[in-house]
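In the working numbering, the protein residues as written are 342 to 740.
Structure (structure tokens):
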């Protein structure tokens, strides 16, 4: 999290992984087993990152921003609804990184075009990049890790988390609308676009087919990884043919250094767990699948995410929670996905959002008080509501 500007996370994580193996904190066999277990997750992550970048190059995000500006008809309350809808959909289908890196600049451009205050809409991107990532395994790297640990299919994951996702988004919207009432009341100073944008039909079609492929491969007992790579490669080949990207650019879009960071971090976390953290967490983490137990698991996960970041927290908690079945695993997921809305350091996505916002509006990106107050209003409510909804779905469908 703290590193020289422009340096990737892998610069610290890879040497750290080598050190813990060299000093015997983790055996080479255990390190290789951890890396091998994370490789399918990393492959999926790379495919989704590439898919999101190719959709952006096709103009899908710009078209969405223009459509929201046209639909709001000069009303900032409608604009906030539109931003919520687009951010929730982008996060769910293309991951939280797409919302932070690709959608947030579009939201800045959209609000500037309308002469609206950007704060409500930009903070919506920050919060939904975390909280709207509950719906699908592809929405967040933590989800992919939980999918493996919980032993649930792609479709069952969506069924169990769907009501929690809707409740969370609803709570976020009500709080943000009230919190930024003064900004929304300022209205717009420029008229909305008079025409609807040109929709990149090819990119949208490939994206929808890829989403259908996730469901289809899951029902067929196949890894959704293949559907993700199929969609990403179709758009990449088209971009290469039209010279919108290069082979080097396409490889860079997969985030190779970030993908390298993930297994290296996994090895480091194994060393920390063996050093006593696992015993401590085992004592703290509630057992069982009752609602109070799941609320306790989610609370511990949310706190730990804000102390050590949500990705290390996920890697630390899942081995302990997985013994209790899907309930505790999904409760961990709720905590590590919603908890980071409380502090900047809770997730890498939030840190990246802060960096992007600081380039556009330094005051917005550095207002720690606003971020913290908004987090205190949303995080406890969303964690409790999402956990209760997930528990109810488990009770209805059978754990």
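No residue lacks a Cβ here, since even glycine has one placed at the ideal position from N, Cα and C.
Own chain partners of residue i with C-beta closer than 6 Å, once the 5 adjacent residues on each side are dropped
| i | result |
| --- | --- |
| residue 445 | 466 and 697 |
| residue 300 | Because residue 300 is not part of the residues shown, which for the chain are 342 to 740, the question remains open. |
| residue 573 | 388, 391 and 392 |
| residue 632 | 732 |
| residue 701 | 449 |
| residue 452 | 459 and 462 |
| residue 351 | 598, 601 and 602 |
Residue i - containing alpha helix (DSSP H), residue span
| i | result |
| --- | --- |
| residue 356 | 351 to 363 |
| residue 484 | 482 to 491 |
| residue 708 | That residue, residue 708, is in no alpha helix (DSSP H); it is neither H nor E in DSSP. |
| residue 577 | 566 to 582 |
| residue 477 | First-last for residue 477: undefined, no H or E at that position. |
| residue 589 | 588 to 594 |
| residue 622 | 619 to 625 |
| residue 598 | 597 to 613 |
Residues of its chain near residue i, where Cβ-Cβ distance is below 8 Å and the 5 sequence neighbours each way are ignored
| i | result |
| --- | --- |
| residue 657 | 610, 613, 614, 618, 619, 622, 645 and 649 |
| residue 659 | 486, 487, 490, 670 and 673 |
| residue 580 | 395, 398, 399, 586 and 591 |
| residue 685 | 691, 692, 695, 709 and 712 |
| residue 565 | 385, 478, 479, 495, 554, 555, 558 and 559 |
| residue 508 | 723, 726, 727 and 730 |
| residue 518 | 418, 421, 461 and 525 |
| residue 504 | 730, 731, 733 and 734 |
Supposed close pair residue i, residue j - CB separation, criterion 8 Å
| i | j | result |
| --- | --- | --- |
| residue 472 | residue 513 | 6 Å |
| residue 651 | residue 681 | 5 Å |
| residue 372 | residue 616 | Their Cβ separation, rounded to whole angstroms, is 15 Å, which puts residue 372 and residue 616 out of contact at 8 Å. |
| residue 665 | residue 628 | 7 Å |
| residue 710 | residue 376 | Wrong, their Cβ atoms sit about 41 Å apart, outside the cutoff. |
| residue 476 | residue 506 | 4 Å |
| residue 541 | residue 401 | 5 Å |
| residue 718 | residue 516 | 5 Å |
Beta-carbon proximity list for residue i, same chain, < 7 Å, skipping 5 on both sides
| i | result |
| --- | --- |
| residue 454 | 410 and 531 |
| residue 741 | For residue 741 there is no data in the structure shown, the boundaries of the chain being 342 and 740. |
Chain B contact for residue i (CB, 8 Å cutoff)
| i | result |
| --- | --- |
| residue 568 | Among the chains of the structure shown, chain B does not appear; only one protein chain is present. |
Exercise. In chain order, which continuous runs of the beta strand (DSSP E) of length 3 or greater are located wholly inside the segment 396 to 460?
Worked result: none
Exercise. Which runs of the alpha helix (DSSP H), 4 residues or longer, sit entirely within the segment 634 to 703?
Worked result: 651 to 662, 667 to 679 and 689 to 701
Problem set entry | Runs of alpha helix (DSSP H) lying entirely within the segment 493 to 573, each at least 4 residues, in chain order | 495 to 520, 522 to 526 and 542 to 560
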